[in-house]
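To keep things clear, I will list the structure first and then write my remarks on it.
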Amino acid sequence: MSSDVVAQLRAELGDRVDTDAAALQSARADKSGHASAGAPLAVVHAASVADVQAVLRIAHRTGTPVVTRGAGTGLAGGANAGPGEIALSMLGMARILEIRPDDLLAVVEPGILNGDLNAVLAEHGLWWAPDPASRAISTVGGNIATGAGGLLCAKYGVVRDAVLGVDLVLADGRLLHLGHRSVKGVTGLDLTSLVIGSEGTLGVVVGATLKLRRLVPGEVRTIVATFPGVRAAAAGSAAVTASGAQPAIMELMDATCLAAAHALLGLETPPADAAQLTIQTDGPAAAAEADAIAAVLRAVGGTVRVAADEAEGERLLAVRRAMHPAMETLGTTLIEDVSVPRSMLPAMFDEIARVEREHGIRIPTVAHAGDGNLHPNFVFEGAEVPDEIWDAADDLFRSALRLGGTLTGEHGIGVLKRRWLADELGDDQWELQRRITRVFDPTGILNPGKVFAL
13 MSSDVVAQLR AELGDRVDTD AAALQSARAD KSGHASAGAP LAVVHAASVA
63 DVQAVLRIAH RTGTPVVTRG AGTGLAGGAN AGPGEIALSM LGMARILEIR
113 PDDLLAVVEP GILNGDLNAV LAEHGLWWAP DPASRAISTV GGNIATGAGG
163 LLCAKYGVVR DAVLGVDLVL ADGRLLHLGH RSVKGVTGLD LTSLVIGSEG
213 TLGVVVGATL KLRRLVPGEV RTIVATFPGV RAAAAGSAAV TASGAQPAIM
263 ELMDATCLAA AHALLGLETP PADAAQLTIQ TDGPAAAAEA DAIAAVLRAV
313 GGTVRVAADE AEGERLLAVR RAMHPAMETL GTTLIEDVSV PRSMLPAMFD
363 EIARVEREHG IRIPTVAHAG DGNLHPNFVF EGAEVPDEIW DAADDLFRSA
413 LRLGGTLTGE HGIGVLKRRW LADELGDDQW ELQRRITRVF DPTGILNPGK
463 VFAL
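Using the working numbering, the first residue of the sequence shown is number 13, and each one after it goes up by one.
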């Protein structure tokens with residue numbers, strides 16, 4: 013049966029059907045460290061909407077599961093393809109189809125990288141605000157699939173705030189145009205928002221109408237503040253929020269993360285136990301806002317440095333952007349993602365310290381402190397996540413929920429967090445959401461086993 017499916021794909025799509033061993037192995041994994049149990053049937057490199065429709069028609073007819081992939085930078089195992097499945101790669105669909113500066117919108121294909129998109133938009137005085145730390149390697153389609161966030165969320169919003177509409181191919185190959193091009197639009201149910209963050213379980217996004225912003229006028233000012241411990245740094249970020257300031261970026265690194273990033277970049281070793289806030293202000297009032305924030309941070313015990321110019325500011329921010337590769341130098345890492353209300357950030361760091369003590373492990377943590385999104389990193393040896401790490405993660409996840417938070421702020425559920433989904437949603441909502449996926453995909457061929465446990 014599997015050879016027949018591949019033969020049908022080849023008959024429709026020719027050499028865009030890839031069964032090379034290296035390609036099949038690559039499609040098994042993402043950046044989470046999780047890999048599927050085995051290789052998929054084939055990787056299809058879609059080059060057009062028609063290609064995607066052809067794949068799904070064949071998959072629907074034969075009952076073959078389809079896993080849609082972008083750049084493979086996900087951190088929840090949500091795009092990992094396994095035995096008996098078709099891996100549908102969207103990287104070949106990377107065109108900008110339309111830019112309308114007067115309407116502040118662009119229409120793009122899903123495979124375009126965040127960084128590449130904004131490089132083109134800048135020529136028109138525009139930008140797309142979502143700014144994952146992986147912007148140089150992550151795709152717009154992947155951002156939409158996971159409901160991604162990033163460094164600028166506190167001021168400029170997440171992906172959900174920056175998408176007007178999506179073009180979606182359903183499991184049987186039908187094409188839907190969801191959303192609108194106007195600023196306002198409330199006709200019918202908001203299916204665009206439903207698709208954002210659905211992790212490939214409702215359909216395949218083949219196009220997106222994006223809500224743009226004009227480039228922010230004025231300068232950018234960068235502030236770095238070090239504190240004697242991560243809880244003090246978290247309290248510093250809470251003080252900035254309470255002051256009414258709204259920086260574009262406010263990132264927190266604990267001592268282990270900060271030391272690892274400095275070592276990776278060849279910088280001077282920071283003081284022991286030093287945690288750091290990296291903050292950027294922008295716009296015409298950037299200098300005054302930076303001075304006000306610096307004063308707040310000094311008042312709560314921070315050692316503050318304000319960058320002399322934008323070039324120095326980018327060098328300071330590069331320390332934060334180096335966090336993920338820095339973690340890889342410490343061992344195998346399970347990079348997690350919880351969010352709590354911003355006022356609960358110090359309490360969540362207390363919980364992380366408790367989990368470290370009680371479970372006898374290290375959990376280096378960074379946070380988008382401006383919006384309460386934390387990324388605890390569970391460090392261990394070997395390729396497979398051991399049970400004791402999952403026990404610690406379970407403890408940490410439940411702590412976030414007790415503090416009024418959520419299991420994931422931007423990475424998604426994928427495979428790695430599906431066992432906890434009902435704990436947050438409750439049984440009734442879990443079942444309702446599962447039924448919604450079956451309305452879009454009655455035979456269950458789209459990314460099966462992801463998000464909702466089988």
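Backbone N, C-alpha and C define an ideal beta-carbon position, used for all residues, glycine too.
Rounded to the nearest angstrom, what separates Ser146 and Val171 at their Cα positions? 14 Å
Beta-carbon proximity list for Ala267, same chain, < 8 Å, skipping 5 on both sides: Gly241, Val242, Pro282, Ala284, Asp285, Ala286, Ala287
Could you name each continuous beta strand (DSSP E) segment of 3 residues or more that falls completely within the segment 34-109, going from the start of the chain to the end? 54-57, 78-81, 98-101
Within a Cβ cutoff of 7 Å, which residues of the same chain sit near Thr31, ignoring the five residues on either side of it in sequence? Val18, Ala54
Residues in its own chain within less than 7 Å of Arg22 by CB, not counting five upstream and five downstream? Val29
Taking just the CA atoms, how far does Glu97 sit from Asn389? 30 Å
Own chain residues within Cβ distance below 8 Å of Gly394, not counting five before or after: Thr344
Taking 8 Å as the threshold (C-beta atoms), are Leu222 and Leu176 in contact? yes
Rounded distance between the beta-carbons of Ala183 and Leu357, thought under 8 Å: The pair is not a contact, with the Cβ atoms about 41 Å apart (cut-off 8 Å).
Residue nearest to Phe361 in terms of C-alpha spacing, selected from Gly372, Leu346, Ile347, Ala379: Ala379
In the DSSP assignment, find the alpha helix (DSSP H) that holds Asp179 and state where it starts and stops. First-last for Asp179: 175-181, but that is the beta strand (DSSP E), not the alpha helix (DSSP H).
Please work out which residues of its chain come closer than 6 Å, Cβ to Cβ, to Arg317, disregarding the five sequence neighbours upstream and downstream, and give them in chain order. Val236
Give a yes or no on contact between the segment 107-122 and the segment 213-232, applying the rule of three or more CB pairs nearer than 8 Å. yes
Just the C-alpha distance for Thr315 and Leu163, rounded to the nearest angstrom, thanks. 22 Å
What residue does the beta strand (DSSP E) around Glu231 start on, and which one ends it? 231-240
Cα-Cα, which of Ala320, Leu346, Arg310, Leu279 is closest to Ala299? Ala320
Does the structure place the segment 63-74 close enough to the segment 36-48 that three or more beta carbon pairs sit under 8 Å? no
With a cut-off of 8 Å, do at least 3 Cβ pairs link the segment 205-220 to the segment 246-263? no
Nearest residue (CA-CA) to Gly153, options Ala99, Thr290, Glu340, Gly212: Gly212
Thinking C-beta only, is Ala71 closer than 8 Å to Val78? yes
Would the segment 450-464 and the segment 424-431 be scored as touching if the rule is three or more Cβ pairs under 8 Å? yes
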